[in-house]
Every structure is written in C-alpha cells, then in structure tokens.
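**Q** Quick one: the structure is below, and I'll ask about it shortly.
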Amino acid sequence: MKKNKHLHLITAGICFAMLTFATASCSLFGGDGASDEAEEAPVVHRVFIDSIHPDDTVYICTGSGSKRFHASDTCSGLNGCRKEIRGLTRQEAEKKKRTHCQICISDEQIK
Ligand SMILES: [Zn+2]
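So the sequence shown is numbered by my numbering: it starts at 15 and just counts up by one.
What follows is the structure in structure tokens.
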C-alpha cells in the first residue's frame, strides 16, 4: 500500500514536470501570436500603417469609370476592374482626379 502511494506521487510529479515543460515550450515558440481574436478576418485591409506620401505607390484601374486609387492592387474595390490595374504615385493619381478608395485607405492616411 505504501509503495503504491509512493509510485502515485512519482507519476504526479512527472505529470507536473511535463505540464510545466509544455507551458514553457508554448511560450518559447511564439505563444504570443496564438490569440483567439484572430478568428474574425478584418474587413478593411490597410497596406500603409501610417500615411500615404505623395511619392508612395498606389494602384488604379485604367477603366474609364474608375475614379479611385488604392493602397493595394488586391483591394476588393478593384475586383470589378475590366481594364488594367496600374501602379503609380499618389501624386500622379491625384493629378488624374482620383480620390482615395474607402475600402483600403482611411481618411487619416491621406492627410
Ligand atoms: Zn481600395
């Protein structure tokens, strides 16, 4: 009976050690990124974190009906583009009377 209890304690000890190791290795190998919040995909895809400068590259659809410029050539606002998607500077885009896309560029970014 005594021997049995001793064995149980050792087993418990090993379990505890493994648990500690598992927790430690979890935080060692980038445990930070594994957040539950990542499940919902962001609706807005911001390419520029801060702001878009006049000489930064933006993207336009060369179709005649297109009036916007985009921070990314993969913006959903360009999905309907039937012509060519072209990269140019923000300055050039504004010269063509293009205004910023509401999907991929916030008002703060073009101030
Ligand atoms: Zn866009």
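C-beta atoms are modelled at their ideal positions from N, C-alpha and C, and glycine is treated no differently.
Can you tell me whether S66 is buried or exposed? The criterion is at least 16 other CB atoms within 10 Å of its CB, across all chains shown.
**A** The question names Ser, yet the displayed sequence has Ile at residue 66. The residue in question, I66, is buried, as its Cβ has 16 or more Cβ neighbours within 10 Å.
**Q** Rounded to whole angstroms, what's the CA-CA distance from Q116 to S80? Just pull it up for me.
**A** Straight-line Cα distance between these residues: approximately 13 Å.
**Q** If we ignore side chains and look at the alpha-carbon of each, how far apart do T113 and E106 end up?
**A** Taking the straight line joining both Cα atoms gives about 11 Å.
**Q** Closer than 7 Å to a non-hydrogen atom of ligand 1 - does that hold for the CB of C115?
**A** The answer is yes for C115.
**Q** What's the C-alpha gap between C118 and F83?
**A** Their Cα atoms are separated by approximately 9 Å.
**Q** Apart from the five residues on each side of it in sequence, which residues of its chain come closer than 7 Å, Cβ to Cβ, to K97?
**A** Closer than 7 Å at Cβ, skipping near neighbours: C75, T76, G77.
**Q** Beta-carbon separation of P68 and R104 under 8 Å?
**A** Cβ atoms of P68 and R104: closer than 8 Å.
**Q** Do you know offhand how far A85's Cα is from D121's?
**A** Rounded to whole angstroms, A85 to D121 spans 12 Å at the Cα level.
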